[in-house]
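Residue numbering for the sequence shown follows this note's numbering, beginning at 69 and increasing consecutively.
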Amino acid sequence: MTDSSLFLDFLAGNQPYECTPWSTPTRNVFGWQKPCYLLVNEGYAPSFKALMEDTDWENYGTGKNPKCDNCMAHCGYEGSAVDDVFAHPIKAMLVSLRGPRTEGPFAPDPEVKYARTGRTPLTVLSDSSSLRKSS
Ligand code: SF4
Numbered sequence: 069m070t071d072s073s074l075f076l077d078f079l080a081g082n083q084p085y086e087c088t089p090w091s092t093p094t095r096n097v098f099g100w101q102k103p104c105y106l107l108v109n110e111g112y113a114p115s116f117k118a119l120m121e122d123t124d125w126e127n128y129g130t131g132k133n134p135k136c137d138n139c140m141a142h143c144g145y146e147g148s149a150v151d152d153v154f155a156h157p158i159k160a161m162l163v164s165l166r167g168p169r170t171e172g173p174f175a176p177d178p179e180v181k182y183a184r185t186g187r188t189p190l191t192v193l194s195d196s197s198s199l200r201k202s203s
């Protein structure tokens, strides 16, 4: 497995990408899995066309669905990063040469569009404001 430089930069907290699970669709013995292989109770589509056209993609991604809380998985965000590579090749090249930035402020968190009922263990772990030195 290889990762794009900007996906690694996203994992380091430097890119504010939104999930694009349609960029890495999953096909298994049950059919085309909605919306990605990590969520197992969202159903299956009988064809690629049905997956693309009938999945409510706007309901998935960090901040849009509590099941996606704190997700930074490649199946949702590598495609977002590759899209950014084509949009900003110089930025991608510089990150590839220098590596992800590990100091300074994080990219902003996505807006949470649902009511949170409490702090889950993953939410506590993701409260990373003290993990990085400010520059
Ligand atoms: S945020 Fe993660 S779990 Fe949710 S759809 Fe994207 S890849 Fe799947």
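Every residue, glycine too, gets a C-beta built ideally from N, C-alpha and C.
Identify whether residue i lies in helix, strand or coil by the three-state DSSP scheme.
{"i": "residue 184", "result": "coil"}
{"i": "residue 99", "result": "strand"}
{"i": "residue 118", "result": "helix"}
{"i": "residue 160", "result": "helix"}
Between which two residues does the alpha helix (DSSP H) holding residue i run?
{"i": "residue 143", "result": "142-155"}
{"i": "residue 73", "result": "73-79"}
Is the beta carbon of residue i within less than 7 Å of some heavy atom of the ligand SF4?
{"i": "residue 84", "result": "no"}
{"i": "residue 131", "result": "no"}
{"i": "residue 183", "result": "no"}
{"i": "residue 107", "result": "yes"}
{"i": "residue 178", "result": "no"}
{"i": "residue 89", "result": "yes"}
{"i": "residue 141", "result": "yes"}
{"i": "residue 128", "result": "yes"}
{"i": "residue 99", "result": "no"}
{"i": "residue 144", "result": "yes"}
Does the Cβ of residue i lie closer than 7 Å to at least one heavy atom of the ligand PLP?
{"i": "residue 155", "result": "Because the ligand PLP does not appear in the structure shown, any question about it cannot be addressed here, the ligands present being the ligand SF4."}
Output the distance between the C-alpha atoms of residue i and residue j, rounded to the nearest integer angstrom.
{"i": "residue 174", "j": "residue 81", "result": "5 Å"}
{"i": "residue 101", "j": "residue 165", "result": "36 Å"}
{"i": "residue 131", "j": "residue 107", "result": "15 Å"}
{"i": "residue 153", "j": "residue 184", "result": "33 Å"}
{"i": "residue 147", "j": "residue 71", "result": "10 Å"}
{"i": "residue 160", "j": "residue 169", "result": "12 Å"}
{"i": "residue 134", "j": "residue 156", "result": "30 Å"}
{"i": "residue 117", "j": "residue 181", "result": "28 Å"}
{"i": "residue 138", "j": "residue 97", "result": "28 Å"}
{"i": "residue 109", "j": "residue 122", "result": "16 Å"}
Throw me the rounded Cβ distance for the residue i and residue j pair, which I believe falls under 8 Å.
{"i": "residue 119", "j": "residue 89", "result": "Not confirmed; about 10 Å, so no contact."}
{"i": "residue 129", "j": "residue 112", "result": "Actually they do not touch by this definition, with Cβ atoms about 20 Å apart."}
{"i": "residue 149", "j": "residue 75", "result": "4 Å"}
{"i": "residue 178", "j": "residue 86", "result": "7 Å"}
{"i": "residue 167", "j": "residue 104", "result": "About 27 Å; that fails the 8 Å criterion."}
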